[in-house]
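Contents: one structure, followed by commentary.
Residue numbers (this note's numbering): 777 to 1250.
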């Protein structure tokens, strides 16, 4: 049996800031099979160390340029996947995960520690599956720093979950690696007179993947590449898009313990009870017949919040209720905090993230808004469909790949969509959805069932990853 080690900066059930954690929490389980066995390695952040009773199994030295320290290795098995945690209190025992002035040094340590850890694991790793900028230096370090047969034979994949975050740092960060300076001078890791973890990962991994087919095409263009299009085109033949799935055991309207009532595609009555409970809980006017619209998101400009703010008054002039759940940019939060005062009993803003509430919102709303500027894959629209809540999305990235817009002539679709990044287009498609909801209830119910019958699991995508690993290993 071959062994795949997923390397990431976050992963469920232990810690999460975005969609990367969802992928790391469910994809390894989906890939585990007779051919491949998966494990995961994460940094041991303060929130994990304080919450979970992990087993300390070893310690080892990490020397990388100016870094010369000890890492402790912890272990826990969860859902048949082995999780390893690299601990160093100086780097990771902090209240937050990211956003520190020494993030470059912190993840330089993590990249090197992962490669040193391989020497003490009770198994041999065949593939290192690296994810996002935080692990981007691993492929080049594995190929160019190590000379032993074990490291040199390891294959690497590098998955881009969001190209916006590239791990770009000043040139002096080179001092924290044992790399020959020629890799900076020849441009392999140089970006804007500094170094880029992302660029290194793209150029040195055996295969580069991203999280939807459309996003894989988009990032080769100037518009969506965040100035990495030239780098990506060098690896175009080794770049592929595999759409994300979700953990369908965690997100299941038939078994979700967070819901007031369960329901299924053949028995939808429980969804009305979930809607009523959500309205009561959040102080909205209780009304089964009003279109309840929700948005569950990091509140950043990437998520298309500017369109929502631009058209908020016009949207609330329609017969809808609105729930926004999320946290992020301070300005965006401040704008949404006025919602409840401006539209009492019709709009609610919950500033923060509450896991149980998120399940209740997905189940209770009729429609989910995702008008993203760009969206590598998106998780929320997949979850919403599991709960019969129709996504209204912009046709970009993974949203384009997973949401089939309603076709009133062929009676097909599992949601609604618009193409241009335009507030007018968002408002127009919302009005169109309202028309279907209020005047064509049988069609709306058909769309709900289509959404719930959409396969949003990892089944198909896991097979694509397995085929990719087969190709890499020859």
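Just so it is clear, CB atoms sit at the ideal spot from N, CA and C, and this is done for glycine as well.
Practice problem: Would you check if there are 3 or more beta carbon pairs closer than 8 Å linking the region 1015-1029 to the region 1222-1241? | Solution: Yes: at least three Cβ pairs fall under 8 Å.
Practice problem: Check whether the Cβ atoms of residue 1173 and residue 1153 lie closer than 8 Å to each other. | Solution: In the chain shown, residue 1173 corresponds to position 397, counting from 1. In the chain shown, residue 1153 corresponds to position 377, counting from 1. In this structure, residue 1153 lies closer than 8 Å to residue 1173 by Cβ.
Exercise. Taking the CB atoms as reference points, tell me whether residue 741 and residue 813 lie closer together than 8 Å.
Key: Look at the range of the chain in this structure, 777 to 1250, and you will see that residue 741 is not part of it.
Self-check item: Per-residue burial, residue 1250 [other beta carbons within 10 Å of its own, 16 or more giving buried]
Solution: Walking along the chain shown from the start, residue 1250 turns up at place 474. Result: exposed.
Quiz item: Since residue 979 and residue 964 are thought to touch, with beta carbons under 8 Å apart, how far apart are those beta carbons, to the nearest angstrom?
Solution: Walking along the chain shown from the start, residue 979 turns up at place 203. Walking along the chain shown from the start, residue 964 turns up at place 188. Your pair residue 979 and residue 964 checks out as a contact, with CB atoms roughly 6 Å apart and the cut at 8 Å.
Quiz item: What residue range is occupied by the uninterrupted beta strand (DSSP E) comprising residue 852?
Solution: Locating residue 852 in the chain shown gives position 76, where the first residue counts as 1. It spans 843-854 - the beta strand (DSSP E) in which residue 852 sits, taken as one unbroken run.
Practice problem: Check residue 1072 in the structure and name its three-state DSSP category. | Solution: Here residue 1072 corresponds to residue number 296 of the chain shown, with the count starting at 1. Residue state, collapsed to three classes: strand.
Quiz item: Under the rule that 16 or more other beta-carbon atoms within 10 Å means buried, what is residue 912, buried or exposed?
Solution: Walking along the chain shown from the start, residue 912 turns up at place 136. Label assigned to residue 912: buried.
Self-check item: Same chain, Cβ closer than 7 Å to residue 1202, five either side skipped, listed in chain order
Solution: As a working note, residue 1202 is residue 426 in the chain shown. Residues of the same chain with a CB within less than 7 Å of the CB of residue 1202, apart from the 5 flanking positions on each side, are 1083, 1087, 1147 and 1194 in chain order.
Quiz item: Where does residue 1033 sit, in a helix, a strand or coil, going by DSSP?
Solution: Your numbering for residue 1033 matches position 257 in the chain shown. The answer is coil: DSSP assigns residue 1033 none of H, G, I, E or B.
Quiz prompt | Rounded Cβ spacing between residue 1248 and residue 903 (contact assumed at less than 8 Å) | solution = On the chain shown, residue 1248 is found 472 positions in, with the first residue counted as 1. On the chain shown, residue 903 is found 127 positions in, with the first residue counted as 1. 7 Å between Cβ atoms; contact.
Exercise. Check whether the Cβ atoms of residue 1192 and residue 1166 lie closer than 8 Å to each other.
Key: Working through the chain shown from its first residue, we reach residue 1192 at position 416. Working through the chain shown from its first residue, we reach residue 1166 at position 390. With respect to residue 1166, residue 1192 sits close: the two C-beta atoms are nearer than 8 Å.
Self-check item: Span separating the alpha-carbon of residue 887 from that of residue 910
Solution: Residue numbering aside, residue 887 sits at position 111 when the chain shown is read from its first letter. Residue numbering aside, residue 910 sits at position 134 when the chain shown is read from its first letter. Taking the straight line from one Cα to the other gives about 8 Å.
Quiz prompt | Residue from 898, 850, 828 and 794 whose Cα sits closest to the Cα of residue 937 | solution = Stepping through the chain shown from its first residue, residue 937 is reached at position 161. Ranking the options by Cα distance to residue 937, first place goes to 794.
Quiz item: Just reading off the beta strand (DSSP E) that residue 916 is part of, what are its end residues?
Solution: Within the chain shown, residue 916 is the residue found at index 140, counting from 1. Where residue 916 is concerned, there is no enclosing beta strand (DSSP E), although the alpha helix (DSSP H) it sits in stretches over 914-920.
Quiz item: Taking the alpha carbon of residue 1066 as the point to measure from, which residue in 1030, 994, 961 and 1140 has its own alpha carbon closest?
Solution: Along the chain shown, read from residue 1 onward, the residue named residue 1066 stands at position 290. If we check each option's Cα against that of residue 1066, 1140 comes out closest.
Self-check item: Distance CB(residue 1168)-CB(residue 1144) smaller than 8 Å
Solution: Along the chain shown, read from residue 1 onward, the residue named residue 1168 stands at position 392. Along the chain shown, read from residue 1 onward, the residue named residue 1144 stands at position 368. The answer is yes: Cβ separation under 8 Å.
Quiz item: residue 1072: which of 1031, 1134, 905 and 1013 sits nearest, CA to CA?
Solution: Start at 1 with the first residue of the chain shown, and residue 1072 comes out as number 296. Nearest option by C-alpha distance: 1134.
Quiz item: In chain order, what residues of the same chain lie with their CB nearer than 6 Å to the CB of residue 880, ignoring the 5 residues before and after it?
Solution: Here the question's residue 880 lines up with position 104 in the chain shown. Its chain contains 945 and 949 as the residues whose beta carbon lies nearer than 6 Å to that of residue 880, once the 5 sequence neighbours on both sides are disregarded; these appear in chain order.
Quiz item: Between 1107, 1114 and 803, which lies nearest to residue 1099 when the distance is taken from Cα to Cα?
Solution: As a position in the chain shown, residue 1099 is number 323, starting the count at 1. Of 1107, 1114 and 803, the residue nearest in Cα terms is 1114.
Exercise. List in chain order: all unbroken alpha helix (DSSP H) runs of 4+ residues lying wholly within the region 795-827.
Key: Counting only runs of 4+ residues, the alpha helix (DSSP H) found wholly inside the region 795-827 occupies 795-807 and 822-827, in chain order.
Quiz item: Is residue 1139 helix, strand or coil when you go by DSSP?
Solution: One-based indexing of the chain shown puts residue 1139 at position 363. Helix, per DSSP.
Self-check item: Whole-number beta carbon distance between residue 822 and residue 869, since they are thought to touch under 8 Å
Solution: As a first step, residue 869 must be located in the chain shown, where it is residue number 93. As a first step, residue 822 must be located in the chain shown, where it is residue number 46. Residue 869 to residue 822, Cβ: 5 Å. Contact.
Quiz item: What are the residues that DSSP puts in a beta bridge with residue 905?
Solution: As a first step, residue 905 must be located in the chain shown, where it is residue number 129. According to DSSP, residue 905 bridges with 782 and 933.
Exercise. Return the CA-CA distance between residue 1059 and residue 855, expressed in angstroms with no decimal places.
Key: Position 283 of the chain shown, counting from 1, holds the residue named residue 1059. Position 79 of the chain shown, counting from 1, holds the residue named residue 855. CA-to-CA, the gap between residue 1059 and residue 855 works out to about 38 Å.
Quiz prompt | Expected contact under 8 Å - CB spacing of residue 840 and residue 934 to nearest Å | solution = Residue 840 sits at position 64 when you count from the first residue of the chain shown. Residue 934 sits at position 158 when you count from the first residue of the chain shown. The pair is not a contact, with the Cβ atoms about 19 Å apart (cut-off 8 Å).
Quiz item: Nearest-angstrom Cα distance between residue 914 and residue 1002?
Solution: The residue given as residue 914 occupies position 138 in the chain shown. The residue given as residue 1002 occupies position 226 in the chain shown. Linking residue 914 to residue 1002 through their CA atoms gives a straight-line distance of about 22 Å.
Quiz prompt | Outcome for residue 882 when other beta-carbon atoms lying within 10 angstroms are tallied against a minimum of 16 | solution = Along the chain shown, one-based indexing puts residue 882 at 106. Answer is buried; the Cβ neighbour count reaches 16.
Self-check item: Segment contact, 8 Å Cβ cut-off, at least three pairs: the region 925-933 with the region 972-989
Solution: Touching, yes.
Quiz item: Under three-state DSSP, which class holds residue 1147?
Solution: Your numbering for residue 1147 matches position 371 in the chain shown. Residue state, collapsed to three classes: coil.
Quiz item: Mapping DSSP to helix, strand and coil, what is residue 993?
Solution: Your numbering for residue 993 matches position 217 in the chain shown. Helix, per DSSP.
Practice problem: With a threshold of 16 other CB atoms inside 10 Å of the CB of residue 842, please say whether the residue is buried or exposed. | Solution: Translated into the one-based positions of the chain shown, residue 842 becomes position 66. Residue 842 comes out exposed.
Practice problem: Say yes only if the C-beta of residue 802 is nearer than 7 Å to one or more non-hydrogen atoms of the ligand COA, and no if none qualify. | Solution: Absent from the structure shown: the ligand COA. Ligands present: none.
Quiz item: Thinking C-alpha only, which one of 1038, 985, 1033 and 838 is nearest residue 1013?
Solution: Position 237 of the chain shown, counted from the first residue, corresponds to residue 1013. Nearest Cα to residue 1013 within the set 1038, 985, 1033 and 838: 985.
Quiz item: Is residue 1228 near residue 1081, with beta carbons less than 8 Å apart?
Solution: Within the chain shown, numbered from 1, the residue matching residue 1228 stands at position 452. Within the chain shown, numbered from 1, the residue matching residue 1081 stands at position 305. Going by C-beta atoms, residue 1228 is not nearer than 8 Å to residue 1081.
Exercise. Identify which residue in 920, 782 and 872 has its Cα closest to the Cα of residue 824.
Key: Counting from 1 along the chain shown, the entry for residue 824 is found at position 48. Among 920, 782 and 872, the Cα nearest to that of residue 824 is on 872.
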